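Chains as they are written, first to last, in the numbering used here: chain W, 272 to 388; chain P, 12 to 125.
For every residue, glycine included, the Cβ atom is placed at its ideal position computed from N, Cα and C.
Predicted, not measured: the structure shown is a model, and the values here were computed from it.
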Amino acid sequence: AQKITQTQPGMFVQEKEAVTLDCTYDTSDQSYGLFWYKQPSSGEMIFLIYQGSYDEQNATEGRYSLNFQKARKSANLVISASQLGDSAMYFCAMREAKNTGGFKTIFGAGTRLFVKA
Amino acid sequence: EAGVTQFPSHSVIEKGQTVTLRCDPISGHDNLYWYRRVMGKEIKFLLHFVKESKQDESGMPNNRFLAERTGGTYSTLKVQPAELEDSGVYFCASSQWGSRDEQYFGPGTRLTVT
C-alpha cells in the first residue's frame, strides 16, 4: 500500500504567487517525521523543511511552510512568492521507526512545479 | 563542509555488464542510505548502513545488487550482471544519529542499461 501520496504530477504557478503542493501519508506510528525535498534539473536532492509528528506548530523555513494536518494525515508544502528558481521536482517523504530499530524513509512520487514568468 | 558525493554522475552500460557506483557520505555521518528512482516513479529505499554494518537491506531488488561500506566510510553499490530494468537514478544519502534523521543527498548516479 502506498504510504506517501502526491496527487499532483505537475503544477503551474505564476511568479510571485503562492503555491501549495499536496502530500498525504499513511502510518500507524505515533512518532514520525515528514520532510520535503526539492530536486532541480541538476539532479541533486535538497532538503527544504521538516515537521515532527509531535510538533504543535507548523514548520516554516523562509518562503517554505508546511501545512500539517495530523488528523487528515496531510503535510502540504506551501511556497510563498514563487520564484523562477523554484521550478523543480518536489518530493514529500516520511520517516518511520522500524521494528528492528532505526528509521526508514519513504518517498512520494513527486510533483513537478513550473513557475511562469 | 563537503556534501555527499557520488561517482560516476552518469553511466551507460550494456545488459550483462557490471557497474559499480560509489558514494562518499558527509564526514562523521554514521548512517548511509542507497535509494533508486526509476523514471517517473517514487524514490525507493534500497538499503541502510550504520557505519560498516547493513542495518536494513530489505529494499535490495535481488542478488544482482551488492552493497558494501568499507570501514564505515565510503560505500559502493555493484550491479552484476545489469539488466534493462536496473536503469534509473541511484541516490546516496547520509545522516547523523538523531531524532530527525535528516538525510543529505548526493547528486545521484544516472544508470542507463542498454
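In the displayed model, THR81/P falls within a helix according to three-state DSSP.
Put simply, the CB of TYR296/W is far from chain P, with every gap to its CB atoms at 8 angstroms or more.
Within 8 angstroms of the CB of GLY119/P, the CB atoms of chain W belong to GLY314, GLU315, MET316, in sequence order along the chain. With at least 16 other beta carbons inside 10 angstroms of its own, HIS59/P counts as buried.
Near chain P, meaning a CB-to-CB distance below 9 angstroms, the residues of the region 356 to 370 of chain W are PHE362, ALA364, ARG366, LYS369. If you compare the alpha carbons of GLY117/P, ASP67/P, GLU53/P with that of VAL15/P, the shortest gap goes to GLY117/P.
In terms of CA proximity to GLU63/P, THR87/P leads the group LEU95/P, SER98/P, THR87/P. Identification of chain W residues near LYS52/P by a Cβ-Cβ cut-off of 8 angstroms yields ALA380, ordered along the chain.
When LEU337/W, TYR296/W, GLN328/W, ARG366/W are compared, the shortest CA-CA separation from ALA289/W is found for LEU337/W.
Secondary structure within the region 282 to 365 of chain W: the beta strand (DSSP E) runs of 3 or more consecutive residues, fully enclosed, are 290 to 292, 303 to 310, 317 to 323, 335 to 340, 345 to 350 (chain order). Minimum Cα-Cα distance from THR84/P among the listed residues TYR44/P, GLU53/P, GLY27/P corresponds to TYR44/P. In the structure shown, GLU96/P adopts helical secondary structure according to DSSP, grouped into three states. For TRP45/P, the pairing in a beta bridge is given by DSSP as LEU58/P, CYS103/P. Residue pairing by DSSP places ILE37/P opposite no residue, since no beta bridge is assigned to it.
Within the same chain, Cβ atoms closer than 6 angstroms to the Cβ of GLY27/P are found at PRO92, the five residues on either side in sequence being excluded.
Judged by DSSP secondary structure, SER22/P falls within the beta strand (DSSP E) whose first and last residues are 21 to 24. For PHE60/P, no CB of chain W lies under 8 angstroms from its own CB, so it is not counted at the interface with that chain.
The region 297 to 315 of chain W makes contact with the region 359 to 370 of chain W, as at least three CB pairs between them are under 8 angstroms. Of the other Cβ atoms in all chains shown, 16 or more fall within 10 Å of the Cβ of ASP357/W; this residue is therefore buried.
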